[in-house]
Each structure stands twice: as structure tokens, then as C-alpha cells.
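Under our numbering, the first residue of the sequence shown carries the number 24, and numbering increases by one thereafter. Idealized CB from N, CA, C, for every residue including glycine.
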Amino acid sequence: METVILPTAEEVGEMAARVVADVVRRKPTAVIGLATGSSPLGIYTSLQARVERGELDFSRVRAFALDEYVGLAASHPESYHSVIDRTVTRPLGMDRALVHVPDGTAPDLAAACRHYEHMIEDAGGVDVQILGIGANGHIGFNEPTSSLASRTRIKTLTPRTREDNARFFGSLDKVPTHCLTQGLGTIMRARQAVLVAQGAGKATAIAAAVEGPVSAMCPASVLQFHEHATIVIDDDAAAGLKLASYYKHTFASKPGWQRV
Ligand code: GLP
């Protein structure tokens, strides 16, 4: 696991976008894993700038979102169908037919989860997975004590996550109680993962994910077992890391060709 600490949130987005851009440049039909939440927005903005400058083409890129709320119509402005469309598909000029989000309104949710796993497999797996992290260490919607081997399934949101996401819904009672999420086992199959975090509110979760024991209590810590995971964070999110100066030294000492 490589941890890259940068001075500002803008630089975090820029660096993580570079990782994704490199994959798409090498493979114009790449499969990318999309995260929602505010953390990855800088990545999408930075990728959009590259598309607008004509440096990058997402028209053949395929994508799978990590998660979706249960019971929210795709047309609801806060459904992840809508959020992904608004923040990723349209800005990057992607083909809607190639962008997938779990179906949280399916009559048979368990079957929808199995179908989602099959679709990812049929696409050849995810080339690069973008991740944010919840304040309790969740990735996707894999809340603490999620099985480290889990696959796409229905989960109950913790009160903490519902409170954190209430800002998008206006009030807590409007936040759905359940979701469909790719499992930690699903995420671990991505060939590459890049997790971004900004701000002091993520410092505890980042410390647990990077330096804590691998534990279902901090779902993101499973990335310690990933063969190509990069954690890109700003100084505030790095505040709880014991070895922060070591990570900075390692990154600064790298020859350019080896960076991320
Ligand atoms: C949400 C999403 C996660 C996201 C996390 C953090 O609930 N399901 O994919 O990483 O919570 O959100 P934010 O980036 O807004 O802090």
C-alpha cells in the first residue's frame, strides 16, 4: 500500500486523477470503479478538464458504481444513479449505456446483487477502483464488521452514515435505511485501487485503514492486502498517521517514472 500525502485537497484530486487517466490512456475501453460522496469530486473535475483539453477520451470507458440506496427511484436527485450521471457520466462524456449502478429498486434485490457481480465479471473486472472513505472507515457502503470477503449485497446503513449523508437529503428521516453495495471482496478484485480523503474528519479512519490492524472494524484496512492500492490524502487527513514523514520522504525520493 502506498500512501501519498499532499498539502491540499486540490492536489489530492489532481494526483488521483492522474492514476485514473494513465489507466484510460493505456486502455480506452478500461473498466473504472466509481465512488460517490464529496471526496472523489476533485478527481472527476480534474478528469473533466483533461477531457475538455482533448487529452483524454472517456467515450468507450466502462464503469461500475460502488453502491446505491434501496428504494430511491433512479430519477431521485440523490440516488447514486443521478449523482453518478451528474458528476461523472455527463461531465466526462461517457456513454450512459456503459455506466452501471446497482438497482436499488429491483423487486428481487438479492438477484440484482448477483446480476451486478456477473456484469462486473463479464466486463473483465475493474481496472481501477476509485474510493472515498467514511468517517467510520467504510468503503462503498461496507460498514464496520462487513465481511472482508463480502460481495455485492444489501446492507443496513449505520446511524452515523445516515447522519453524515443527511446533508444531501435535507433531513435525517429522508435518508434511506438500506443500500446495495459492492462487497469488500468485490472491491479487492479490482486490479488497482486509489482511495482519496481530505480533511481532519477523516484522520481517524485513515490512521486505522493505513496503520491499524486489518480488521472488519475498519473496512478500508482490507486494502492493506491489495497488491496495488494507493492512498492519496491531504495533510489534515494524514494527521493521525505515525509514519507520515516516512511516507512523504518515500514519495519525494521516488524517481518520476515510479510515481504512483
Ligand atoms: C458515502 C459513500 C462512500 C463514500 C463515503 C464518504 O456514504 N457510500 O462511497 O466514500 O460515504 O463520503 P464523503 O466523501 O462525502 O465524505
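In the DSSP assignment, find the unbroken alpha helix (DSSP H) run with residue i in it and report its ends.
i      : result
Asp90  : Element bounds for Asp90: not the alpha helix (DSSP H) but the beta strand (DSSP E), Asp90 to Tyr92.
Lys271 : Ala267 to Ser276
Leu29  : First-last for Leu29: Glu25 to Leu29, but that is the beta strand (DSSP E), not the alpha helix (DSSP H).
Arg183 : Pro182 to Phe192
Arg73  : Leu64 to Glu75
Val43  : Ala32 to Arg49
Gly208 : Leu207 to Met211
By DSSP, does residue i sit in helix, in strand, or in coil?
i      : result
Asp108 : helix
Val54  : strand
Val237 : coil
Thr11  : Residue 11 lies beyond the residue range present for the chain, which begins at 24 and ends at 283; the question has no answer from this structure.
Val198 : coil
Phe81  : coil
Ala161 : Note on identity: in this sequence residue 161 is His, with Ala being the wrong assignment. It is coil, neither helix nor strand.
Ala86  : strand
Val245 : helix
Ala138 : Strictly speaking, residue 138 in this sequence is His, with Ala absent from that position. Helix at His138.
Starting from residue i, trace the beta strand (DSSP E) both ways and give me its first and last residue.
i      : result
Cys202 : His201 to Thr204
Thr179 : Arg176 to Thr179
Ile256 : Ala252 to Asp257
Ile153 : Val151 to Leu154
Leu218 : Ala216 to Ala220
Exposed or buried, which one is residue i when buried takes at least 16 other CB atoms within 10 Å?
i      : result
Ser276 : exposed
Asp90  : buried
Pro63  : buried
Phe81  : buried
Arg76  : exposed
Gly56  : buried
Gly160 : buried
Gly127 : buried
Lys50  : exposed
Gly65  : buried
Ser194 : exposed
Would you verify that the beta carbon of residue i is, or is not, closer than 8 Å to some beta carbon of chain D?
i      : result
Pro167 : Protein chains in the displayed structure number just one, and chain D is not present.
Evaluate contact between the segment 256–270 and the segment 192–206, counting only Cβ atoms and requiring at least three cross-stretch pairs below 8 Å.
no
Taking 8 Å as the threshold, find out whether the segment 71–78 comes into contact with the segment 96–103 through three or more Cβ pairs.
no
By C-beta, the residues closer than 6 Å to any heavy atom of the ligand GLP, given in chain order:
Ala58, Thr59, Gly60, Ser61, Ser62, Leu89, Asp90, Gly155, Ile156, Gly157, Gly163, Phe164, Thr184 and Asn188
Hey, is the segment 235–243 in contact with the segment 163–174, meaning 3+ C-beta pairs nearer than 8 Å?
yes
Under 8 Å: do the segment 135–142 and the segment 151–158 share three or more Cβ pairs, one atom per stretch?
no
When the Cβ atoms of the segment 210–229 are set against those of the segment 24–39, are three or more pairs found closer than 8 Å?
yes
The segment 246–264 touching the segment 222–231, judged by at least three CB pairs closer than 8 Å:
yes
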